[in-house]
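For reference, the structure is listed below as structure tokens.
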Amino acid sequence: MNTIIFSILTLLVISGISSVILFFISRKFQVFEDQNIQEIESVLPAANCGGCGYPSCHGFALACVNAENLENLVCTVGGLPTMKKVAHILGKDSNIIHPTVAVIHCGGNCDLRPRINQYDGVGSCAIAHNLYGGETGCTWGCLGLGDCEVSCKFDALHINPETRLPEIDEEKCTSCNACVIACPKLIIELRNKGLKSRRIFVNCVNKDKGEEIQSSCNVACIGCGKCVEECAFDAILMANNLAYIDSNKCTLCRKCVAVCPTHAILEINFPTKRVKE
Amino acid sequence: MKTFKMGGIHLKEYKFSAGIQIQTASIPQQAIIPLGHYLGGPSLPVVQKGDKVKVGQMIGQASGFVSANVHASVSGVVNRIDVHLDASGYKVPSVFIDVHGDEWLETIDKSAEIKRECTLSSAEIIKRITDYGIVGLGGATFPTHVKLLPPPGKKANVLIVNGVECEPYLTCDHQLMIEKGEEILVGVTILMKAIDVKQAIVGIENNKKDAIALMQKLAKTFVGIEILPLQVQYPQGGEKQLIDATIGRQVPTGTLPIEVEAVVQNVATVFAVYEAVQKNKPLFERIVTITGKSLKNHGNFLARLGTPLANIVEQAGGVPEDTGKIVAGGPMMGRALSSLEVTVAKGTSGVLFIPTLEAARKNMQNCIRCTKCVVTCPMGLEPFLLMSQSERSMWTEMENERVMDCIECGCCSFACPSNRPLLDHIRYGKSTVGKIIRTRQAKK
Amino acid sequence: MNKLIISPSPHVHSGDSVWKNMRNVIIALVPAYLAGLYFFGLGALIISFTAMLSCVVFEYLIQRYLIKGSTSITDGSALLTGLLLSFNLPSNLPVWIVIIGSLVAIGIAKMSFGGLGNNPFNPALVGRVFLLISFPAQMTSWPKPIPFNPAYLDAVTAATPLAILKGQFSEIPSTLNLFFGNMGGSMGEVSALALLIGFVYLLIRKTISWHIPISILLTVFIFTGILHLVNRELFSVSPLFHLLTGGLMLGAIFMATDYVTSPMNPRGMLIFGFGIGIITVVIRVFGSYPEGVSFAILIMNAFTPLINTLVKPKRFGEAKKA
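Going down the list, the sequences are from chains A, B and C.
Read in order, the letters of the first sequence are residues 359 to 635 in the numbering used here.
Read in order, the letters of the second sequence are residues -19 to 424 in the numbering used here.
Read in order, the letters of the third sequence are residues 32 to 353 in the numbering used here.
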């Protein structure tokens, strides 16, 4: 019995002394940090994704505190609500943020862009891209091996097993830029979400001449220029046989979608047009 | 018998096309000559649509020091300058020529007589080589004149000629040595003069006994040329391994052979040098081996650059039914082709047809740490570690593990019992680390 | 013609596989297995089959039902683990103890780390050491070698040569007997001759390299030789005795050379072998256990990752110019 009491007492004394020592040490060696940094960190999403361009949320909080104004500081994951909170904590004006979303510039699925060879190497887009142009006749298009899917930390990007193309879940996409960097073919872009989350873009990155690419893909941009002619707002640029829609000038009028002969221009989140009598 | 000291594997040779005399491949109706090489900057076209060209006429100009001129291999009219698929799997700028007849430039000496005397000076020889677009025909296609013009302060004291042809199936170099042995040795003396060395060693693997015997007999009539038989081991023909085997010097990491005072050239390149200097003939044709287990007529074909491979394959009996993979080059380092519309380029040493059963890879398993990749690596690297690091994007660590020393020979992937794609990952790591190094050097 | 296959080079493969390597080791173990059957009879047969079968079954069950993935029992590694485990056990061990050993070897030492290639310790040795510590009595009652002994659990027992040394019992068997295997010990460790035949086979087939076994045996020989020379009274037996007794031959040739747990380059392998040799001699001579090879190998297994990091293979270009 004595042994037990003695052991318990000894352990209690040791733990008591240790706690006192630890208390004083933590007070003495405490790192003093601007209070605001911790407050800002607490309203950030804590994803540590690097989408803001700073390493970790702590780095972003540090940058916010040290910056004069919040113009170039955007947390893409938290978006406007989070930036408003940060601005409130610091007493500065919050910036205007255009919500963006990731967009895939390739519509060549298995039916429209037939596979002409079989890839048997490592299942990574980066490695396949390093080796050759891909399983189809279009050497610019999506390889379908999923480097983008692996890079997305928010479960917003999945490769559709039937079409072998990536699909973005708008609700979950935080525009963190990880997939844009991961794609070796530079097919993914962050574009503005227009009114009601609508957007129009050219669903192709092919820079080959029209006659060549038509045999490889049915929905490729052939560089015919009809969309450029049609656009009343000068929003479409044509370079290297590829059309590109500038989202700052685009008014979402959809006229270009109708004239494209290969249906290479895609419209997202629009109501279906009623067929004219 | 001499050989390189580190690593290496023994491969089944499958030299089906050995001893088959060189046949001339028929000239195509349209030649598509690529303007880009794999190593060095692509050439710039100096002709345009509608121009008439003769065989040997320059159609592409080197775009810098590490680049080469390109010459027309057929006579006719330029159809267009456009992109066309090449062995890299991408479309590269090429010159399309519609063929009419076979008219050569008058300056080219078409006779078969062997000229032994070289009247040009060393500088003139190198200028001729530069002008006539000679590149390494062993497969690397490195512009030859760059090797012959060392940086200031460095000089070679030996010329090593690569007659090894260590890749299985390929026999183009072997057959060239049998049929044009004396011309090759004249080429060797020309190169010796160009870089001012008194000693040349021609390394030939011991499975080409007829070539060794013939070359040894011919070499007696020349000064300073030694024919050295080498053990049959892959990659005996790798530049660094060959230098180690012939003269026992190991090129230090990150440096070129000139660092150990050696210059290495392939026998086919040496033959092209002979033709350029003695016959005034630019580089526009080369020997291509068509081979494979199921092929009907294996052969070594003298083909003009720009000939679609499909044409030559027709002459060799057509594509075998059971083909799963078509490889441009040898089975260890060649590139898999997606179509036979790819044309003969300066580096096309052969076309190999692999049956489907052999072509598909087996499933990958865990690394069992058997050390076979380490034991077989001729550069003393640790491929299992490099693959692991590449998968985790550990680029700094890979650079420290000397990934840039890798010669991409494929011994590691070949030997791995777990069928791990070691070389795929290492190659990707090498290209990424290479980009990082170049960015770093550009900033300085 | 089907679609062409595109993949990076190389486009040929040696045809080597994990099974082929395991098979070579199993074939190399055949002489020692026959010697074990000869000297220990029925017991050897029973424990070897029990160990092999239970290892394969446990691996299948764990991979199929616990991990719910694909099974890899066809690669032969579980079979080999079972065989090697039985070689390290006395032939009169009850079946249920052997099965527990297999469960520990496969389940704990191999599967819990991620299967083949991920285990830091040699599974067969982990199994053996676990049994030694948990069932010390049964694990140290060594059957006497009787040709084709039909007795199993009630086989006559005798002290092993090392135990004789420790306890200064009766006389030690002659060197010739030690070489052929006419002595007490684990089922597979007794016949140095048979094990050496297996070693030669493995070297010819290039399944293992000479570095680890030779460095272990040389280290033990030299170290015990020095001790013997320095103090003949205290260290009365010759170094040759140490080489031929206990699990040293088996450990040096088959256990320490396990791919997964040994270093990856020749220099590292020599250091590894040296470490095992030193620790074995220290345990045998100065420790209280009569045998130390299993512990020595397991301790050095823990150092293998460190050796791999610190000791790199010779690089091309390091050699001096000719």
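From the three backbone atoms N, C-alpha and C, an ideal C-beta is built for every residue, glycine too.
Small disclaimer: the values here were computed from a predicted structure and weren't measured.
By the rule that beta-carbons nearer than 8 Å mark a contact, N399 (chain B) touches chain C. With a cut-off of 8 Å on Cβ pairs, the stretch 35 to 44 of chain C is in contact with the stretch 301 to 312 of chain B, counting three or more such pairs. Under the Cβ distance rule, G479 (chain A) counts among the residues neighbouring chain B, one pair being separated by less than 8 Å. Within chain C, no C-beta atom comes nearer than 9 Å to that of L503 (chain A); the closest sits roughly 13 Å away. Of all residues in the stretch 457 to 475 of chain A, only I474, N475 come within less than 8 Å of chain B when Cβ atoms are compared, listed by chain position. Shown here, N246 (chain B) sits in a strand according to DSSP, grouped into three states. Secondary structure of M596 (chain A) (DSSP, three-state): strand. For the 8 Å CB-CB criterion, L156 (chain B) and I267 (chain B) form a contact. T271 (chain B): member of the beta strand (DSSP E) spanning 265 to 272, first to last residue. In this structure, N564 (chain A) lies away from S605 (chain A), with their beta-carbon atoms at least 8 Å apart.
DSSP, read as helix, strand or coil, puts K34 (chain C) in coil.
Per the C-alpha coordinates, the member of B:G360, B:V54, B:V203 positioned closest to M(-14) (chain B) is B:G360.
The stretch 192 to 201 of chain B makes no contact with the stretch 325 to 344 of chain B, as fewer than three CB pairs between them are under 8 Å.
Beta-bridge pairing by DSSP links H64 (chain B) to B:V72. For P39 (chain C), the C-beta contacts it makes with chain A under 7 Å involve G479, L489, in order along the chain. Residue pairing from DSSP leaves T87 (chain B) without any beta-bridge partner.
Restricting attention to B:V177, B:D176, B:I181, the CA atom closest to the CA of I164 (chain B) is found in B:I181. With contacts defined as CB atoms closer than 8 Å, I558 (chain A) and V617 (chain A) fail to qualify as a contacting pair. Bounds of the beta strand (DSSP E) holding Q10 (chain B) are 10 to 14.
Within the same chain, V182, I184, I192, M195, Q196, A199 come within 7 Å of I207 (chain B) by CB-CB distance, once the 5 residues on both sides are set aside. In the displayed model, P209 (chain B) falls within a strand according to three-state DSSP. In this model, C582 (chain A) and I545 (chain A) are separated by some 21 Å (Cα to Cα). When DSSP states are grouped into helix, strand and coil, M38 (chain B) belongs to the strand group. Between the alpha carbons of L134 (chain C) and G148 (chain C) lies a gap of roughly 18 Å. When the Cα atoms are used, T169 (chain B) and R108 (chain B) turn out to be separated by approximately 15 Å. For P335 (chain B), there is no enclosing alpha helix (DSSP H); the residue is found in the beta strand (DSSP E) stretching over 330 to 335. By the neighbour-count definition (other C-beta atoms within 10 Å, threshold 16), E219 (chain B) is a buried residue.
Counted as a single uninterrupted DSSP element, the stretch harbouring Y290 (chain C) is not any beta strand (DSSP E), since DSSP gives it neither H nor E. For T630 (chain A), no chain B residue has a Cβ inside 8 Å of its Cβ, as the nearest lies near 38 Å away. Remark: C-beta atoms of S117 (chain C) and A82 (chain C) approach each other more closely than 8 Å.
Looking at C:I310, C:L301, C:P297, the one whose alpha-carbon comes closest to that of V354 (chain B) is C:P297. With a beta-carbon spacing of about 7 Å, F418 (chain A) and L402 (chain A) fall inside the 8 Å limit used to define contacts. CA-to-CA, the gap between I140 (chain B) and Q230 (chain B) works out to about 14 Å. The continuous alpha helix (DSSP H) containing A419 (chain A) extends over residues 414 to 424. DSSP, read as helix, strand or coil, puts I227 (chain B) in helix. For L431 (chain A), the three-state secondary structure derived from DSSP is coil.
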